[in-house]
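Q: Oh and the sequence shown: position 57 is 57 in the working numbering, straight run, nothing missing. Below is a structure I'd like to ask you about.
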Amino acid sequence: MDFPFVRAFHSEWLKRKRSFASALVIGGALFTPAIVAVVRLIHFRTLAGVYAAPAFWADLWRSSWESMAIFFLPLGAILATSLIAQIEFRSNAWKQVHALPLSAHVLFLSKLSVILVMLVEFLALFSLGIWLSAMIPYVLVPNVPRLTSTFFSLPLLRENALYFLDCLPIVAAQYLMSLRANNVLVPIGVGFLAWVGALAAVSSRYAIWWPYAYTIVHYLQDKPKGAAFGASTRFHWLAALAFVLLTIASYTSFVTKSEKG
Numbered sequence: 001m002d003f004p005f006v007r008a009f010h011s012e013w014l015k016r017k018r019s020f021a022s023a024l025v026i027g028g029a030l031f032t033p034a035i036v037a038v039v040r041l042i043h044f045r046t047l048a049g050v051y052a053a054p055a056f057w058a059d060l061w062r063s064s065w066e067s068m069a070i071f072f073l074p075l076g077a078i079l080a081t082s083l084i085a086q087i088e089f090r091s092n093a094w095k096q097v098h099a100l101p102l103s104a105h106v107l108f109l110s111k112l113s114v115i116l117v118m119l120v121e122f123l124a125l126f127s128l129g130i131w132l133s134a135m136i137p138y139v140l141v142p143n144v145p146r147l148t149s150t151f152f153s154l155p156l157l158r159e160n161a162l163y164f165l166d167c168l169p170i171v172a173a174q175y176l177m178s179l180r181a182n183n184v185l186v187p188i189g190v191g192f193l194a195w196v197g198a199l200a201a202v203s204s205r206y207a208i209w210w211p212y213a214y215t216i217v218h219y220l221q222d223k224p225k226g227a228a229f230g231a232s233t234r235f236h237w238l239a240a241l242a243f244v245l246l247t248i249a250s251y252t253s254f255v256t257k258s259e260k261g
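Have a look at this one:
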């Protein structure tokens, strides 16, 4: 049987190798865990107390996610989405793509699906990196006490799923801009400014209405800076709604664009 979406997805997956996005996923996901591991190896004399703490995994998870939720995840989504969506513009290949026997919705969804799979890959690699950042010093440094809890005691699936959901509005917004702009610097520049705006607005309760703020709000929710959001989970639903609306707008823009390439 012939499945047009599968063929289109496979083609888009192969094309991603021509962009910096794949290296960005690996480097961005493993950067913070690598820094954590290096710092702990440098300060190896303090590891006995660190690894003996009952909340070792929770503390490591929380500290690792600070830079990820505020910096690497939103900026990674901005860059990866823009680069993947702009592959045809950079190679002047949109006319050839639209000449393929594929419908507009298949083209649109296949490229978006590649971006979403890369986001899942990013989060999975980051979780693996957190585990490695703990185990590498544990194996290399002698006399480090045995951990009293396991990595899998963390709410891995729940937290990764929520951060994935909170990042979707950024992906959708960047996808919308990238499919309209003819220069990759335009969506990247606008996305960067939107992220800066999210940082500026995050101390306000109105940040939950800004698509680029949800990963930051999620991390700060139980911190003093996130007191305005309390224990509410409403912003997760708002993130899902923003993704749906922006994706609809993006698809409408894609199929009605007069210049195909």
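Don't be surprised by glycine CBs; every beta carbon is placed ideally from N, CA and C.
Can you name, in chain order, every residue of its own chain whose Cβ lies under 8 Å from the Cβ of residue 235, other than the five neighbours on each side?
A: 166, 208, 214, 217, 218, 229
Q: Indicate the three-state DSSP secondary structure (helix, strand or coil) for residue 62 in the structure shown.
A: helix
Q: Among the candidates 127, 8, 178, whose CA atom is the shortest distance from the CA of residue 158?
A: 127
Q: With a threshold of 8 Å on Cβ separation, who are the neighbours of residue 115 within its own chain once the five nearest residues in sequence on each side are excluded?
A: 80, 81, 84, 85, 171, 175
Q: Cα separation between residue 147 and residue 141?
A: 14 Å
Q: Answer with buried or exposed for residue 48, where buried requires no fewer than 16 other C-beta atoms within 10 angstroms of its C-beta.
A: exposed
Q: Rounded C-beta distance between residue 107 and residue 8? I'm assuming under 8 Å.
A: With 8 Å as the limit, residue 107 and residue 8 qualify as a contact, their Cβ atoms being about 6 Å apart.
Q: In chain order, which alpha helix (DSSP H) runs of at least 4 residues are fully inside the region 197-246?
A: 214-220
Q: With residue 212 and residue 237 assumed to form a contact (beta carbons below 8 Å), what rounded beta-carbon distance in angstroms separates them?
A: That belief does not hold up - the Cβ atoms of residue 212 and residue 237 are roughly 17 Å apart, past 8 Å.
Q: Helix or strand or just coil, what does DSSP make of residue 114?
A: helix
Q: Determine, using beta carbons only, whether residue 130 and residue 61 come nearer to each other than 8 Å.
A: yes
Q: Helix, strand or coil for residue 17, going by three-state DSSP, please let me know.
A: Of the three classes helix, strand and coil, the one that applies to residue 17 here is helix, per DSSP.
Q: Determine, using beta carbons only, whether residue 33 and residue 132 come nearer to each other than 8 Å.
A: yes
Q: Using a Cβ-Cβ cut-off of 6 Å (strictly less than) and excluding sequence neighbours within five positions of residue 247, which residues of its own chain qualify?
A: 172
Q: Taking all protein chains shown into account, decide if residue 40 is buried (16 or more other Cβ within 10 angstroms of its Cβ) or exposed.
A: buried
Q: Could you give the distance in angstroms between the alpha-carbon of residue 72 and the alpha-carbon of residue 25?
A: 10 Å
Q: Specify, as a first and last residue, the run of the alpha helix (DSSP H) that residue 171 falls within.
A: Its alpha helix (DSSP H) spans residues 156-180.
Q: Would you tell me roughly how many angstroms separate the C-alpha atoms of residue 57 and residue 75, rounded to the nearest one?
A: Those two C-alpha atoms are separated by around 26 Å.
Q: Would the beta-carbon of residue 187 fall within 8 Å of that of residue 177?
A: Against a cut-off of 8 Å, the Cβ pair of residue 177 and residue 187 comes out as a contact.
Q: Suppose the cutoff is 6 Å on Cβ atoms and the five residues either side in sequence are ignored; what does the same chain contact list for residue 1 look like?
A: Low local confidence applies: a pLDDT of 38 at residue 1 is under 50, so the model's placement there is unreliable, with the coordinate-based value given in what follows. Hits under 6 Å: none found.
Q: Report the three-state DSSP secondary structure of residue 43 (helix, strand or coil).
A: coil
Q: Exposed or buried, what is residue 134 when buried is set at 16 or more other beta-carbons lying within 10 Å of its beta-carbon?
A: buried
Q: Taking DSSP as the reference, what is the three-state secondary structure of residue 31?
A: helix
Q: Assign residue 81 to one of three DSSP states: helix, strand, or coil.
A: Looking at residue 81 - three-state DSSP - the assignment turns out to be helix.
Q: In the structure shown, what three-state DSSP assignment does residue 140 receive?
A: helix
Q: Alpha carbon to alpha carbon, what distance is there between residue 27 and residue 262?
A: Examination of residue 262 is not possible in this model, given that the chain is present from 1 through 261 alone.
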